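**Student:** This is the structure I have questions about; it appears just below.
Below, the structure is given as C-alpha cells:
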C-alpha cells in the first residue's frame, strides 16, 4: 500500500476520528488542556491541521494521523 493510499485509508475511516475530549484516553501523556492549546495553534505546527477537523462546536482528531504527527512523519 502506498503512503497516499494509507493516508486516505486513515482519513476516510470514521472510527479513526474521535472527539478531542477522548484523545487523552488514548494518549495519556497529554492533558485535555495541553491538547486544546496544541490544536488551537495547529496552523503554527506543520502537518497538525490535517489530523484535526472542527464540526460545529466539537473538534475531532484522527488518531492514526496524530500518532504520525507525533512521530514526525506527517507533513503538509
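Residue numbers (our numbering): 1 to 76.
By construction, the Cβ of each residue, glycine as well, lies at the ideal position given by its N, Cα and C atoms.
Everything numeric in this text was worked out from a predicted model, so none of it was measured.
(1) Between which two residues does the beta strand (DSSP E) holding residue 54 run?
(2) In the DSSP assignment, the beta strand (DSSP E) including residue 67 goes from what residue to what residue?
(3) Rounded to a whole number of angstroms, what is the C-alpha to C-alpha distance between residue 14 and residue 43?
(4) In three-state DSSP terms, what is residue 1?
(5) How is the beta strand (DSSP E) around residue 41 delimited, first residue to last?
(6) For residue 26, does the count of other Cβ atoms within 10 angstroms reach 16, so buried, or fall short, so exposed?
(7) Can you tell me where the beta strand (DSSP E) holding residue 19 begins and where it ends?
**Tutor:** In short:
(1) The residue given as residue 54 occupies position 54 in the chain shown. Segment 52-55, the beta strand (DSSP E) holding residue 54.
(2) In the chain shown, counting from the first residue as 1, residue 67 sits at position 67. Per DSSP, residue 67 belongs to no beta strand (DSSP E); it is in the alpha helix (DSSP H), 63-70.
(3) What you label residue 14 is simply residue 14 of the chain shown in a count that begins at 1. What you label residue 43 is simply residue 43 of the chain shown in a count that begins at 1. Rounded to the nearest angstrom, the two C-alpha atoms are 23 Å apart.
(4) Numbered from its first residue, the chain shown carries residue 1 at position 1. Caution applies to residue 1, whose pLDDT of 45 falls short of 50 and renders its modelled position unreliable; the value that the coordinates give is listed next. The answer is coil: DSSP assigns residue 1 none of H, G, I, E or B.
(5) As a working mapping, residue 41 is identified with position 41 in the chain shown. Careful: residue 41 lies outside any beta strand (DSSP E) and carries neither H nor E.
(6) On the chain shown, position 26 is the one that residue 26 refers to. Its Cβ having fewer than 16 others within 10 Å, residue 26 is exposed.
(7) In the chain shown, residue 19 corresponds to position 19, counting from 1. Note, residue 19: beta strand (DSSP E), 17-19.
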